[in-house]
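Novice: In the working numbering, the protein residues as written are 29 to 250.
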Amino acid sequence: MRRAADMCINEGKSERSVGENLGICHVSLNRYIKKVRATEFGGSPPKCGYRPHTRIFDVDQEIMLATYLKNCADMYFGLSTKDVRKLAFEFAKKMNLKMPAYWTENEFAGIDWFLNFIKRNPTLSIRQPEATSLSRSMNFNPINVNIFMDKYESVITKHKFEAFQIFNLDETGITTVQNPCKIVAQKGKKQIGAITSAERGTLVTMCLAVSAVGNAIPPMLG
């Protein structure tokens, strides 16, 4: 657009011919040239293109918001959907940004903004966090991790373990009652049932070990 405006202003070419050659609407080019001439004696250069008139935060502000959310999740204090909407309102208010009236009335951002914010920031997603005790989160820090890795490396070096001799073991809970899937039923009905083997089954703990090369041993159930 800037090159087209220079051709019209400096070279004296017509706006319609330049627009046809460069594939630019001559009406848009005319508006841009007027803005350029209005800023010849001072002011920032005009911007071309379209941007959503309902956009609250710019790109840098949304990056700051996304970074803050990821840092909170890394510290085991992630924000829920409603908390994020509340934070967005407080952030916009602090930055004196123009926001919809219902943001001010409800004191949190709308659900449409939140869904579009997630789409614009693919590094974020709605996740189900794993319950983690305070003692576990406090012990998982760089100092303890480095101590563990140093001991781990010394054991491997001392005994010369290879990849097929190193196993990772984890446990999980399995119930003997299958979880019913979602079904199609009458709307508005208070309670919907599905047949299972029992209403309350027995919780079975399963331990499974897999080596670094992918070999697995039969699981242990207890």
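Note that the Cβ used here is the ideal one computed from N, Cα and C, for glycine as well.
Out of 149, 43, 96, which has the shortest C-alpha to C-alpha gap to residue 111?
Specialist: 96
Novice: Give the DSSP bridge partners of residue 173, in chain order.
Specialist: DSSP output for residue 173 lists no bridge partner at all.
Novice: Cα separation between residue 38 and residue 65?
Specialist: 12 angstroms
Novice: Quick one: any contact between the segment 121–140 and the segment 164–180, if contact means 3 or more CB pairs under 8 angstroms?
Specialist: Touching, no.
Novice: Grouping DSSP H, G and I as helix and E and B as strand, with all else coil, what is residue 149?
Specialist: coil
Novice: How big is the Cα-Cα spacing for residue 91 and residue 127?
Specialist: Rounded to whole angstroms, the separation of the alpha carbons of residue 127 and residue 91 is 18 angstroms.
Novice: With DSSP run on the structure shown, which of helix, strand or coil describes residue 57?
Specialist: helix
Novice: Only counting the same chain, and skipping five residues up and downstream in sequence, which positions put a Cβ closer than 6 angstroms to that of residue 236?
Specialist: 247
Novice: Write down the C-beta distance between residue 191 and residue 153 rounded to the nearest angstrom, noting that I regard them as a contact closer than 8 angstroms.
Specialist: The pair is not a contact, with the Cβ atoms about 32 angstroms apart (cut-off 8 angstroms).
Novice: Give the DSSP-derived three-state secondary structure of residue 116 in the structure shown.
Specialist: helix
Novice: Is residue 43 buried or exposed, if buried means 16 or more other CB atoms sit within 10 Å of its CB?
Specialist: buried
Novice: Go through its chain and collect everything with a Cβ distance to residue 149's Cβ below 7 angstroms, but skip five positions before and after it.
Specialist: Contacts found: 90, 94.
Novice: Reducing DSSP to helix, strand and coil, say where residue 195 ends up.
Specialist: strand
Novice: Report the option in 183, 105, 33 whose CA atom is closest to the CA atom of residue 50.
Specialist: Measuring from the Cα of residue 50, the nearest candidate turns out to be 33.
Novice: Closest to residue 197 by C-alpha separation, out of 155, 244, 106, 232, would be which residue?
Specialist: 244
Novice: With a 10 Å radius around its C-beta and 16 neighbouring C-beta atoms as the bar for buried, classify residue 85 as buried or exposed.
Specialist: buried
Novice: Which same chain residues, not among the five before or five after residue 165, have their C-beta less than 6 angstroms away from its C-beta?
Specialist: 104
Novice: Taking the beta strand (DSSP E) that residue 233 falls in, what are its first and last residues?
Specialist: For residue 233, the uninterrupted beta strand (DSSP E) segment begins and ends at 231–239.
Novice: Just curious, the alpha helix (DSSP H) that residue 91 is in, first and last residue?
Specialist: Residue 91 -> alpha helix (DSSP H) spans 87–102.
Novice: Measure the C-alpha to C-alpha separation of residue 178 and residue 184 and round it to an integer number of angstroms.
Specialist: 10 angstroms
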